[in-house]
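In what follows, a single structure is set out as structure tokens and then discussed.
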Amino acid sequence: MSTTENEPAANFIRHIILDDIANGKNGGKVQTRFPPEPNGYLHVGHAKSICLNFGIAKEFNGSCNLRFDDTNPEKESDEYAKSIEQDIKWLGFEWHKEIHHASDYFEQLYGYAVELIEAGLAFVDELNAEQMREYRGTLTEPGKNSPYRDRAIAENLDLFTRMRAGEFPDSKYVLRAKIDMSSPNINMRDPIIYRIKRAHHIRTGDKWCIYPMYDFTHCISDALEGITHSLCTLEFEDHRPLYDWVLDNISLECHPQQIEFSRLALAYTITSKRKLTTLVSEKFVDGWDDPRMSTLSGMRRRGYPAASLRHFCTAVGISKKNHVTDMGLLEQYVRDELNVIAPRGMAVLRPLKVVIENYPEDKIEQLEAPIHPQNEAMGTRKVPFSREIYIDQEDFMEEANNKFKRLVLDKEVRLRNAYVIHCHQVIKDEQGNMTELRCTYDNQTLGKNPEGRKVKGVIHWVSASESVAAEVRVYDRLFNTPNPAAAEDFRTCINPNSLSLISSARVEPSLAEAKPEQCFQFEREGYFVADRYQHSPEKPVFNMTVGLRDTWNS
RNA sequence: UGGGGCGUCGGCAAGCGGCAAGCCACUUGGUUUUGAUCCAAGCAUUCGCAGGUUCGAAUCCUGCCGCCCCAGCCA
3 MSTTENEPAA
13 NFIRHIILDD
23 IANGKNGGKV
33 QTRFPPEPNG
43 YLHVGHAKSI
53 CLNFGIAKEF
63 NGSCNLRFDD
73 TNPEKESDEY
83 AKSIEQDIKW
93 LGFEWHKEIH
103 HASDYFEQLY
113 GYAVELIEAG
123 LAFVDELNAE
133 QMREYRGTLT
143 EPGKNSPYRD
153 RAIAENLDLF
163 TRMRAGEFPD
173 SKYVLRAKID
183 MSSPNINMRD
193 PIIYRIKRAH
203 HIRTGDKWCI
213 YPMYDFTHCI
223 SDALEGITHS
233 LCTLEFEDHR
243 PLYDWVLDNI
253 SLECHPQQIE
263 FSRLALAYTI
273 TSKRKLTTLV
283 SEKFVDGWDD
293 PRMSTLSGMR
303 RRGYPAASLR
313 HFCTAVGISK
323 KNHVTDMGLL
333 EQYVRDELNV
343 IAPRGMAVLR
353 PLKVVIENYP
363 EDKIEQLEAP
373 IHPQNEAMGT
383 RKVPFSREIY
393 IDQEDFMEEA
403 NNKFKRLVLD
413 KEVRLRNAYV
423 IHCHQVIKDE
433 QGNMTELRCT
443 YDNQTLGKNP
453 EGRKVKGVIH
463 WVSASESVAA
473 EVRVYDRLFN
483 TPNPAAAEDF
493 RTCINPNSLS
503 LISSARVEPS
513 LAEAKPEQCF
523 QFEREGYFVA
533 DRYQHSPEKP
543 VFNMTVGLRD
553 TWNS
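Numbering (my numbering) for the first sequence: 3 to 556.
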């Protein structure tokens, strides 16, 4: 794959910025920001935005601020804020200097609201929510002016001061911009810019009982930080006139340019904080970092390298098209990265005992195997070989056609990194289940092919006595429909078999020694990661990251 | 039926008047002690549709068709 982080893909936002720089706009400076609300964990969709904002800033020698858009205290928490900081760092980005918060600007925001009132461009309304909805009109009919719209400026000032002072109950009054109730753009029909809400804020505590709305806050925060390009998703396109209106009507010189791009949509997953919250709160998954989640912390725990997410984000590109990206694209970048960095090892997920009759009972050989067959520099590891071993149940058949390149009764197969064995007997229990294979090995086949015959198959194995019991979690997609977000109730699309717990897997000793979060390739199976929290050398726990590309089963 | 957007290969996505980039997927060969990796080759006479302008149109114009977003005191 030739797409790398060093070769930014062409997209319309880059073109705009390139033009701006060529025209000397903003003195050639580029300043972006990533503005999450701390009301949930970051997901793949955010990764796209992070890569865009931080990537653009870096490319043009600018910087990117991290700013928490914390204007709705009821939904926000410090846990979320902390997780967001961690996830951004994990993804490999550094924000410019200290973290910003919309709440840092509450005092200034209040001042600009007063400016608007003084200019006759904002008024205190006392319609209740339901009345306001009626006055707003519909998509096809204009709205009506609020009866309180023409309040005197002095009265508006007085009321707004008292709103701040806490003289009124929640929701009694709101501050509204005075724009145009007949605008075809509903966002311009005298939008609310402040509401009374007695909620404890994670940063300002109980200092405020009025909080500014997004549309008023975001543009001013951008301007205060000297943002040049304010990149956001498509649903804010209709808000751009309001973004511009606010900045055009207050005494702030800086006027950032808002540019919208389409959200990332990944097939078979969900990228909505609200829905992800539901999965967690209703226990469909085991927390925000469940490896099946499309959260950054979930993908981290799943074993996705941060670099693969960055490559993926570069590869999907930026456009204004509503799209659905194949999960396969992400997985391919994950494999790509892991193929290069992951040490190899052997693990048997569904053990079938094999007794090698012509191998001495007490003998244990420490065979040497490469840690990475394409990268000698990674060195070698010891793999113990003994008379009793395990192979995977799926690697044996009593009868099979020539396409089956594994072990068959009365035939031979190569044991990876070891000898060629021949199976001559299958032992079964009363129910007819295979319990053991009796084989012989050819001691002339270590590191070389047998003479006079071809052995086409290679299977993996572990020593029965020297391997370590491990728990392996194999994942399938969390949803069984490509677009769960489109369902009436996305919970009905949840795949009941998204997690398979394998409690009796066996891994070679080198794998048991893994450090938490260390990634491996279990040869012929896929990529696996030692669980970040539950893995220990005594009780190894691995999560499947992604399977190897498999042309046999597909 | 108001307003704002968007339609280029199976999935992403460049291109912005002069022979349709790239990635993923897929197909076919080769290497291989991983049915992996790797290597080589193939994969849109056509850009939602229909007209028009032009020597020349995915790119410009006109008209249709389809899809997405907006009526929170959420962001």
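The beta-carbon is built from N, C-alpha and C at its ideal position, and this holds for glycine as well.
Values in this document were obtained by computation on a predicted structure and should not be read as measured data.
| Asked | Found |
| --- | --- |
| Whether Arg352 touches Ile194 by CB criterion (9 Å) | no |
| Minimum C-alpha distance to Asn13 - residue among Val457, Glu132, Tyr112, Glu262 | Glu262 |
| Buried versus exposed call for Asn187 [16 or more other C-beta atoms within 10 Å across all chains shown] | exposed |
| Inter-residue Cα distance where the pair is Asp412 and Tyr443 | 13 Å |
| First through last residue of the beta strand (DSSP E) which encompasses Ser506 | 501–509 |
| Under 9 Å between C-beta atoms of Ile296 and His45 | In the sequence as presented, Ile is not what sits at residue 296; that position holds Ser. Yes, the pair counts as a contact, with Cβ atoms nearer than the cut-off. |
| CA nearest to the CA of Ile272, picked from Gln259, Gly300, Pro258, Gln260 | Gly300 |
| C-beta contact flag for Leu513 and Phe544 at 9 Å | yes |
| Beta carbon of Ala124 nearer than 9 Å to that of Lys180 | yes |
| The region 94–106 contacting the region 246–259, beta-carbon criterion three pairs below 8 Å | no |
| Residue from Lys50, Glu367, Thr279, Pro498 with nearest C-alpha to Arg265 | Lys50 |
| Reference Ile18, options Arg35, Cys53, Ile58, Val457, closest by Cα | Ile58 |
| Inter-residue CB distance, Tyr150 and Glu128 (contact presumed, cutoff 8 Å) | 6 Å |
| N- and C-terminal bounds of the beta strand (DSSP E) containing Trp463 | 463–465 |
| Anticipated Cβ contact below 8 Å, Gln509 with Val464, distance rounded | The sequence as given places Val at residue 509; Gln does not occur at that position. Contact holds; Cβ gap of about 7 Å. |
| Through-space distance from Leu409 to Lys458, alpha-carbon basis | 10 Å |
| Given 8 Å, three or more beta-carbon pairs between the region 338–352 and the region 429–447 | no |
| Touching by the beta-carbon criterion (3+ pairs, under 8 Å), the region 33–42 and the region 70–82 | yes |
| For Val470 and Ile393, the rounded distance between their alpha carbons | 14 Å |
| For Val32, three-class secondary structure by DSSP | coil |
| Contact check, Val357 vs Glu438, beta carbons under 9 Å | yes |
| The alpha helix (DSSP H) enclosing Asp21, as first and last residue numbers | 14–24 |
| As assigned by DSSP and simplified to three states, the class of Gly94 | coil |
| Own chain, CB closer than 6 Å to Pro539, minus 5 neighbours either side, in chain order | Ala514, Glu515 |
| Own chain residues within Cβ distance below 6 Å of Glu109, not counting five before or after | none |
| Sufficient close CB pairs (3 or more, under 8 Å) joining the region 274–293 to the region 487–501 | yes |
| Three-state secondary structure (DSSP) of Ser4 | Residue placement at Ser4 is flagged as unreliable, the pLDDT there being 36, under the threshold of 50; the coordinate-derived value follows with that caveat. Ser4: coil per DSSP, three-state reduction. |
| DSSP bridge partner residues for Val474 (one or two, in chain order) | Ile504, Phe544 |
| Pairwise C-alpha distance: Cys315 and Val32 | 21 Å |
| For Phe70: DSSP bridge partner residues | His103 |
| Buried or exposed by the 16-neighbour rule on C-beta atoms within 10 Å, applied to Pro258 | buried |
| Secondary structure of His203, DSSP reduced to three states | strand |
| Among Arg69, Leu298, Lys355, Ala267, nearest to Gln88 - alpha-carbon criterion | Leu298 |
| Alpha-carbon to alpha-carbon, Met215 and Thr547 | 41 Å |
| Spatial neighbours of Ala269 in its chain, beta-carbon cut-off 8 Å, leaving aside the 5 residues before and after | Val326, Thr327, Asp328, Met329, Pro484, Asn485 |
| Nearest to Ala466 (by Cα), restricted to the options Pro386, Arg551, Thr553, Gly64 | Pro386 |
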